[in-house]
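So that you can map any letter, position 167 of the sequence shown is 448 in our numbering, and since no number is skipped, the others follow by simple counting. Written out below as structure tokens is the structure these notes cover.
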Amino acid sequence: MVEYLAMKLILMKLIMLISVLMQRNIIDNLPFYLRDEGYVLIEKEDFIETISDNDAKNKKFQDKMSNGNCSVGLDVSFMMSEHVYGIPEHADSFHLKDTRHRDPYRLYNSDVFAYSLDNPMALYGSIPYMISAGTVQCVGIFWNNSSETWIDVEFNAEQKMGKNQNSLSPNVKTHWVSESGVIDMFVLLGPSIDEVANQYASLTGFSMLPPLFALGYHQCRWNYDDEVDVANVDSGFDKHNIPYDCLWLDIEHTDKKKYMTWCPNSFPNPIDMISKLSAKGRKMVTIIDPHISRDITYSLHNECSINKFYIKNKNGDDYIGECWPGVSSWIDFLNPKAREWWAEKFMLDSYKGSSLDLMTWNDMNEPAVFNGPENSIHRDAIHFNDIEHREVHNLYGMMFHKSSYEGLLKRSNGKLRPFVLSRSFFAGSQRYGPIWTGDNQSTWLDLKASIPMLLSLNIAGMCFVGADVGGFVGDPNPELLIRWYQAAAFQPFFRGHANRGTKRREPWLFDKKTVHFIRAAILRRYAILPYIYTQMWMCHKNGTALMRPLWMDFPDSSLFRVEDQYLFGHDLLVKPVTKCGQTVSKIILPSQTNWYDIDTFKEISNGKLFVYVSTPLNKIPVFLRGGSVVPIKERIRSCSAKMENDPLTLIVCIGSVNSKILSQGLIYIDDGRSTEHEQDKYALFTCSMKISKASKYYIKWKKIKGSETFKSHVSIERIIVLGALVPTRCIFSENGVEHDLNVSFNADSQFFVIKKVANAVTMDFKIYIL
């Protein structure tokens, strides 16, 4: 408590020391841009253009700047801190770098094809949120500004005041400057990292709970050719016994890139095509972008023109640029009437050929403009209420995402959870659906880089995220593809995707060994869906991360720069293999608990800080946390819908024997698709293993929350207890009625299996282990 109060006092002083570097119009009197290590000389009239766009070719674009030159900035110092994270999205390290001798981090939503790595360049989304993490205190800074923003980071060690004049106090200085807007900054005091996350979610919104199918495997490429191609891909999964949930169609499915239409030659019967997938419990996803073809035969264009729903140029006319359809205009999603109109377009009688099983993919919403400055919209374009685009650039993609989400919700009369993927995002996008890391490349370095990118997004509130499996650009060799599937199986959003012109790479189009290993990775994903769904519900309720850096659960000074392994939820430690030919992996094991290999169930920690694990091509290092209870399903079917009522297996991992509670975990169950969980129509259970005086220990299953009107048909088939002594007898007790259970023991790995446990999870019970 004393440490917390001391830290709070320091933070209060921090806030008092924050200095306003620049305010609106002050820049008119300065001929240069001020930066910590000196002056970068820039002519006044070129200021905004130069810091916004270093590419000389874009100087042909004239920026009207109707409101004059403007900029806002602050210095923020994190005292007694050595570690800062966040401000996604960048293809860079998770731990932020010192920018004194490199470019500052830039937040400006941009369409970047085959982006380079180890670079602070702007990518598709922007979240101006930074976390300072330490062993005692975590602090968050949310810079609520949606214009172009630059952040400098400087790590320092300053002289402490007091008797010991030679000691040093670490701190991190940051400099925030935005092109426009006002200073609107929030300081989140924590003190724990999960409390900071909850405070941030209270400001920007908690992540939506996705429908269960969204957590399965998704198959996509640019593009599947026609209805025959779709049918063949779908049947290929069944033929090769590989589960999947969603099949995706890119821009070529439309009639001349007019969204919410179908190519009459390639997709003449979309309802029939979708219904065939629906009959198998699967979904289809189609791409919908924010640019609208100015074809006078296109109803959406005519409606936008009549209702004046387009963004305007600086002269007040419709903003016109080039994108996939050719000559296009962009819907102004800052206009509330335009958002309402857009949501109506998802109704089944409006989006012809759609059904309740057709989901949405929002792309190109940075927004991307092929012939615009930096391939985006002009900064002096005008939105609703005469707002210049520069003010809201980083917000635009989220407003499009929000409008599509509301359209799918309205389509089902609010009864079904939407699924809408977006490429562009801002703080708060987590309320509307997942995002992905864009046009990555098929290289080992891109696979490795995906981990810190996803970690950065997770700690910034975006927990439902993923990277295209195999890389979007290029052709991965079989080894890289296997390792990518293995990594992505333990990441939130799991989609295979590829650029046009690449070789087809559906999972069965390889040699037998490769197909076998890819299938095994996808099967493992489906086995842990109950665990992922429970962890995602915890993110939805608490604002916490799903992909968690080790220091988030184990604030140890040795873990703050570890970014090649992570916790998937609270209870699985994952170390993807990201190097060609790597057959041995070094695994860091937080010593605060013990760990079990997920494949063998053997305990591997034994108090060591790290271990070396054999990682042949069929192995991804994943470890169960001691003290946890992990729900899985062992009957894997063709998609998640087919597994809805299949029984659970509980993996109980004995933790510290010095604690009365050896293991404990939550299991969340609802119908997996509706919005009824918002009315508490779900069931939340706790499973714990405790030391007992009457027996060696006992397992307790108890319903702790949820509506009595929700009835689950799920049973508990088996309980696997790891790190256990040899049991002589297991007695099941429910409402005073007892009977013996069948149990088997594995002496080699020290675990036992209790079989045919309970017919329904809705009843409380105990199992006494003698």
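All residues carry an ideal CB built from backbone N, CA and C; glycine is no exception. A quick note: this is a predicted structure, and the numbers were derived from the prediction, not measured.
| query | result |
| --- | --- |
| N1040 burial status per 10 Å Cβ neighbour count (16 or more: buried) | exposed |
| Under the three-state DSSP convention, the category M288 falls into | Legend: pLDDT at M288 = 48, less than 50; position of this residue unreliable, value from coordinates given subsequently. It is helical. |
| The region 580–600 contacting the region 614–624, beta-carbon criterion three pairs below 8 Å | yes |
| For F775, the residue or residues it bridges with in DSSP | Y498 |
| Segment limits, alpha helix (DSSP H) that includes Y812 | L810 to N823 |
| Cα-Cα separation between N425 and D613, rounded to whole angstroms | 21 Å |
| Residues near L558 by beta carbon distance below 6 Å, same chain, minus five either side | M565 |
| Reference F548; option with closest CA among H364, A512 and F518 | A512 |
| Stretch pair the region 593–609 + the region 654–668: three plus CB contacts closer than 8 Å | yes |
| Helix, strand or coil at Q767 [DSSP, three-state] | helix |
| Straight-line Cα distance separating W717 from E330 | Any reading at E330 needs caution, since the residue's pLDDT is 34, under 50, leaving its predicted position unreliable; the model's value is listed next. C-alpha separation (whole angstroms): 29 Å. |
| Candidates Q873, L735 and S872: closest to F775 by CA position | L735 |
| Cβ-based neighbour list, V796, same chain, cut-off 7 Å, excluding 5 preceding and 5 following | H521, P788 and W789 |
| Own chain, CB closer than 7 Å to S872, minus 5 neighbours either side, in chain order | G888 and L890 |
| Segments of 3+ residues assigned as beta strand (DSSP E) that fall wholly inside the region 550–618 | 564–569, 572–574, 602–604 and 607–611 |
| Ordered list of beta strand (DSSP E) runs contained in the region 677–747, each at least 3 residues | 701–703 |
| C-beta atoms of I523 and I948 nearer than 7 Å | no |
| M360: first and last residue of the uninterrupted beta strand (DSSP E) it sits in | V353 to M360 |
| Outcome for K793 when other beta-carbon atoms lying within 10 angstroms are tallied against a minimum of 16 | exposed |
| Where Y481 falls: helix, strand or coil (DSSP) | helix |
| Per-residue DSSP class, three states only, for F849 | strand |
| Straight-line gap, V1034 to K883 (C-alpha atoms, nearest Å) | 14 Å |
| Closest Cα partner of N1023 within the set G777, S631, M628 and I1012 | I1012 |
| Cα-Cα separation between S693 and P491, rounded to whole angstroms | 15 Å |
| Spatial distance of L302 from W457 (CA atoms) | Low local confidence applies: a pLDDT of 33 at L302 is under 50, so the model's placement there is unreliable, with the coordinate-based value given in what follows. Looking at the two C-alpha atoms, the distance is approximately 9 Å. |
| Of the listed residues A624, I1001 and S988, nearest to S969 (C-alpha basis) | I1001 |
| Residues that R806 bridges to, as DSSP identifies them | DSSP, once it has assigned bridges, lists no residue as partnering R806. |
| At least three beta-carbon pairs within less than 8 Å, the region 927–939 to the region 952–959 | no |
| Proximity to V509 [Cα-Cα], best of I555, Y632, N479 and A495 | I555 |
| Cβ-based burial, R781 [other Cβ within 10 Å; buried from 16] | exposed |
| Nearest residue (CA-CA) to L702, options I532, T825, F745 and L581 | F745 |
| Three-state secondary structure (DSSP) of E1130 | For residue 1130 there is no data in the structure shown, the boundaries of the chain being 282 and 1051. |
| Cβ-based neighbour list, P757, same chain, cut-off 6 Å, excluding 5 preceding and 5 following | S723 and G751 |
| Range covered by the beta strand (DSSP E) that runs through L639 | L639 to N643 |
| Beta-carbon gap between S705 and G406 smaller than 7 Å | yes |
| Burial state of I568 (16 or more Cβ within 10 Å) | buried |
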